[in-house]
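Q:
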Amino acid sequence: MTEISSPDWPQGLRLFPAALDAVAQAELLDAVVELIGEAPFFTPRMPRWGRPFSVRMSNFGPLGWVSDISGYRYQRHHPETDRPWPPMPQALLELWDTFARWPAPPQAALVNHYRPGARMSLHVDRDERDLRAPILSISLGDDALFRIGGPQRRDPTCSLRLRAGDILLMAGAARRCHHGIDRIYPGTARLPRAIGEGRINITLRRVDKG
Ligand code: MD6
Ligand code: FE
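Heads up: the sequence shown begins at 65 in the working numbering, then just goes up one per residue.
#1: How big is the Cα-Cα spacing for residue 217 and residue 234?
#2: Straight-line CA distance for residue 186 to residue 214?
#3: Are residue 131 and residue 100 close, meaning C-beta to C-beta below 8 Å?
#4: Count the C-beta pairs between the stretch 87-95 and the stretch 132-143 that are closer than 8 Å, then say yes if the count reaches three, no if not.
#5: Could you pull the DSSP bridge partners for residue 132 from this structure?
#6: Leaving aside the five residues before and after residue 189 along the sequence, list all residues of the same chain whose C-beta is less than 7 Å from its C-beta, in chain order.
#7: Find the nearest neighbour of residue 125 within the set 194, 224, 149, judged by alpha-carbon distance.
#8: Please list the terminal residues of the continuous beta strand (DSSP E) segment that includes residue 124.
#9: Any idea if residue 160 is buried or exposed, counting beta-carbon neighbours within 10 angstroms, 16 or more meaning buried?
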């Protein structure tokens, strides 16, 4: 497996370009379509003001990340259907075993859907109770411009283009760095009709310690 890292990047950021071939991408997207039927995309909202995110979300696995007017949190049920999240597909558990090298399994697979024009502002993922566990990110569909900086919002940033099939690991110091998606590049890849245009990103997360 090819692995790229750069002295310009935060320690612990590792990119595996085209880790998933076209067949593996299509199989994973089939699983996403099926499970999104059980746990439809919802529109998260910013705490306090309730401004909607441009990205739609869902989750697989025992826990799911949600955001609404009362805050960010992990919870066991879908915010709109109130049903438990669907089980995490085996393919995602296998990717975690291969790439994350962490002794405990992921508890949440957060699925982000970016339609053309959607973005994700700079943030640090810190709602997990153990920030030592890495986050594994899988990109499907359109290319995206990913930006990562440092622990402080004002730290300098660098950008990399994420393409369908790429896997990005945020471990070590990179786990606590600000990062976001500045834009996607519409029409650079296709998603199943049931999802629509744009990009899917799946992040596998350990929430509890251990
Ligand atoms: C995205 N990714 O690629 C947004 N977070 O759509 C993230 O916010 C992210 O890629 C934590 C670890 C890896 C990530
Ligand atoms: Fe993130």
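Beta carbons: idealized from backbone N, C-alpha and C, even for Gly.
Because the structure is a prediction, the values reported are computed rather than measured.
A: In short, the structure shows the following:
#1: For the purposes of this step, residue 217 is taken as residue 153 along the sequence shown, with counting starting at 1. For the purposes of this step, residue 234 is taken as residue 170 along the sequence shown, with counting starting at 1. Spanning the two alpha carbons is a distance of roughly 17 Å.
#2: Along the sequence shown, read from residue 1 onward, the residue named residue 186 stands at position 122. Along the sequence shown, read from residue 1 onward, the residue named residue 214 stands at position 150. The alpha-carbon atoms of residue 186 and residue 214 are separated by roughly 10 Å.
#3: By one-based count along the sequence shown, residue 131 stands at place 67. By one-based count along the sequence shown, residue 100 stands at place 36. In this structure, residue 100 does not lie closer than 8 Å to residue 131 by Cβ.
#4: no
#5: Here residue 132 refers to the residue found at position 68 of the sequence shown. 135.
#6: Here residue 189 corresponds to residue number 125 of the sequence shown, with the count starting at 1. Closer than 7 Å at Cβ, skipping near neighbours: 199.
#7: Mapped onto the sequence shown, residue 125 falls at position 61. Measuring from the Cα of residue 125, the nearest candidate turns out to be 149.
#8: Stepping through the sequence shown from its first residue, residue 124 is reached at position 60. Taken as a continuous stretch (DSSP letters only), the beta strand (DSSP E) holding residue 124 covers 120-124.
#9: Position 96 of the sequence shown, counted from the first residue, corresponds to residue 160. Answer is buried; the Cβ neighbour count reaches 16.
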